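Peer 1: This structure is in structure tokens; I'll ask about it shortly.
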Amino acid sequence: MTMICAHTGQPAVYQRSPDDCMICVLAMLTGRSYEEVVAAALAHDAAFPVQGPLSHSILRSVAHGWGFMLLSSIYMLWSSPGIVGVLSPTLPGTGHAVFWDGEKIIDPKPGGAVDRAYVDAHGLEFTQRASDLLPLADHELALAAARTTDEPF
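What follows is the structure in structure tokens.
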């Protein structure tokens, strides 16, 4: 059975090599194909290794070129899709990227075992569109406006 991404309505994108998880999750976040992500990465850096790994700087540059400003933090707004960096469950001392489609975790590793419980225990970084994080910024602005001038920040 093919897993469908709730964010795009398209089939999930799965790894083709041990190092291309970031290609897959960027494809799912942006609704682009694996091949489009690779082509955009190569246009950004001709030395990009075709099956990854995709660096954070190239990931952000490619996304920006498609109109996505990505922000990373240690907080996730679960109501919106995002890229989740976790400790690899199979390669000690390395990272792995999975995708939160707004409903479920999609592990791009075929047969991958990363689920929400694993993310809660081993999540390192969360990357989402800046526009999806506006509710957090609005909340902070409301809190700041409610503070009195003699309160510590």
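First residue of the sequence shown: 203, per this note's numbering; consecutive thereafter. A virtual CB, placed ideally from N, CA and C, is assigned to each residue, including glycine. Computed from a prediction, not measured in an experiment: that's the story for all the values here.
Let's see if you can read the secondary structure: which residues bound the beta strand (DSSP E) around serine 274?
Peer 2: Element bounds for serine 274: 272 to 275.
Peer 1: For histidine 298, does the three-state DSSP call read helix, strand or coil?
Peer 2: In this structure, histidine 298 counts as strand in the three-state DSSP scheme.
Peer 1: By Cβ distance, which residues of its chain are closer than 7 Å to arginine 318, with the 5 residues on each side in sequence left out?
Peer 2: Contacts found: Ile307.
Peer 1: Rounded to the nearest angstrom, what separates glutamate 238 and threonine 232 at their Cα positions?
Peer 2: Cα to Cα, glutamate 238 sits roughly 10 Å from threonine 232.
Peer 1: Output the distance between the C-alpha atoms of glycine 295 and tryptophan 302, rounded to the nearest integer angstrom.
Peer 2: When rounded, the distance between both Cα atoms is 22 Å.
Peer 1: So valine 264 and alanine 248 are supposed to be a Cβ contact under 8 Å. How far apart are they, rounded?
Peer 2: With 8 Å as the limit, valine 264 and alanine 248 do not qualify as a contact, their Cβ atoms being about 14 Å apart.
Peer 1: Given aspartate 309, which residues of its chain have a CB within under 6 Å of its CB, disregarding the five upstream and five downstream residues?
Peer 2: Once the five neighbours on either side are set aside, the close Cβ partners of aspartate 309 are Val300 and Val316.
Peer 1: Pick from Ala339, Gly297 and Leu345: whose alpha carbon is nearest that of leucine 326?
Peer 2: Closest option to leucine 326, Cα to Cα, is Gly297.
Peer 1: Closest to phenylalanine 328 by CA distance: which of Met224, Leu293, Cys207 and Pro220 is it?
Peer 2: It is Met224.
Peer 1: How many Å lie between tyrosine 236 and valine 215 at the Cα?
Peer 2: Answer to the nearest angstrom: the Cα atoms are 7 Å apart.
Peer 1: Quick one: Cα of tryptophan 280 to Cα of glycine 304, how far?
Peer 2: So the two alpha carbons sit approximately 7 Å from each other.
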